[in-house]
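A.B. asks: Here it is, the structure, as structure tokens.
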Amino acid sequence: MLFPTLKKLYRVSIWAIMDIAVLVKQTVDMDQIKLNDENEPIMDNLPLKMDILSKNAVEAAVQLKEKYGGKVTGIIFGTERSTSTMKEAYAMGVDEGTVIKGYKKSDPMVTAGVIAEELRKAKYDIIILGDQSSDSYSGLMAGLIASELEINVITNAINIEIKDNTADITVESENEDVTVETDLPAVVSVAQEINEPRLPKVMQIMMAGKKNINIVDGNPKYEDDTKIISDKAPDSQRKKIIYEDGKGIDEIAKILKVVK
94 MLFPTLKKLY RVSIWAIMDI AVLVKQTVDM DQIKLNDENE PIMDNLPLKM
144 DILSKNAVEA AVQLKEKYGG KVTGIIFGTE RSTSTMKEAY AMGVDEGTVI
194 KGYKKSDPMV TAGVIAEELR KAKYDIIILG DQSSDSYSGL MAGLIASELE
244 INVITNAINI EIKDNTADIT VESENEDVTV ETDLPAVVSV AQEINEPRLP
294 KVMQIMMAGK KNINIVDGNP KYEDDTKIIS DKAPDSQRKK IIYEDGKGID
344 EIAKILKVVK
């Protein structure tokens with residue numbers, strides 16, 4: 094019985110030093126966006142918050158730490174205003190964090206290059222992020238960062254299990270869920286179905302406000318060649334049709350049938 098006990102202790106000692114990175118996206122509150130007379134979004138002075146899927150990513154990272162031991166480092170490519178979002182990540186269980194300044198609606202290639210440069214400063218076992226962001230829905234970031242770091246990437250994950258130097262990742266697909274094995278380190282983007290993000294308690298929020306945040310300048314390795322040509326909401330016009338006689342019932346029934 095001695096050998097299994099030693100084996101168990103050995104596994105614990107490995108994951109006690111597990112380093113987990115979680116990439117956090119800060120976005121404007123989409124519910125607060127209004128349009129000007131030309132149907133263009135008014136983006137000035139909008140409140141900022143952690144992106145929805147970033148909350149799932151933070152929760153996934155913290156759950157791995159709680160299950161296997163180790164440390165979670167949060168990384169945001171944003172501005173000095175991003176410290177509020179990092180404090181929210183702290184309250185959820187992130188241990189330390191870095192805000193990289195210089196984000197200006199950069200294209201995915203620029204963003205991936207900046208974040209990858211920060212990730213190279215440490216040896217992370219797993220890098221977790223949201224599968225997409227609510228402001229662009231490009232879904233490109235995981236693959237681009239993995240390409241920069243020359244490591245494996247798994248996307249749309251709904252479960253993560255660590256086994257020695259590998260991970261079993263369950264991926265949500267259209268027909269059935271598939272579990273794949275990948276060597277570590279790896280980049281894993283998570284779907285919203287992976288978990289229900291925790292709500293920090295008041296004490297956790299207060300303690301998060303006192304923690305230090307490392308703020309650094311971003312050094313893009315690529316030029317931002319992306320230009321937004323147009324950013325307008327589609328015209329929304331409603332037809333007001335009034336039927337004043339009984340024949341209108343048949344017409345209304347036809348319309349409802351088409352809509353259905």
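Counting from 1 along the sequence shown, just add 93 to a position and that's the residue number in our numbering.
Every residue, glycine too, gets a C-beta built ideally from N, C-alpha and C.
For the segment 300-307 and the segment 262-272, state whether three or more C-beta atom pairs, one from each stretch, are separated by less than 8 Å.
C.D. replies: Verdict: no, contact absent.
A.B. asks: Below 8 Å, how does it come out for the segment 230-237 and the segment 303-316: are there three or more Cβ pairs, yes or no?
C.D. replies: no
A.B. asks: How far does the beta strand (DSSP E) with I251 in it extend, from its first residue to its last?
C.D. replies: N245 to K256
A.B. asks: For chain D, find out if any of its Cβ atoms is closer than 9 Å to the Cβ of G171; answer yes or no.
C.D. replies: The chain inventory of the structure shown lacks chain D, comprising one protein chain alone.
A.B. asks: Nearest to A284 by alpha carbon, out of M111, E243, L146 and N138?
C.D. replies: L146
A.B. asks: Restricting to Cα atoms, I'd like to know which of D188, G162, Q156 and K194 is closest to I169.
C.D. replies: The shortest C-alpha to C-alpha distance from I169 to any of D188, G162, Q156 and K194 is the one to K194.
A.B. asks: Can you determine whether any heavy atom of the ligand COA sits closer than 8 Å to the C-beta of E173, and answer yes or no?
C.D. replies: In terms of ligand content, the structure shown is empty, and the ligand COA therefore cannot be addressed.
A.B. asks: Can you have a look at V295 and say buried or exposed, based on whether 16 or more other CB atoms are within 10 angstroms of its CB?
C.D. replies: exposed
A.B. asks: In this structure, does DSSP put R213 in helix, strand or coil?
C.D. replies: coil
A.B. asks: Based on DSSP bridge pairs, tell me the residues matched to T259.
C.D. replies: K256 and D276
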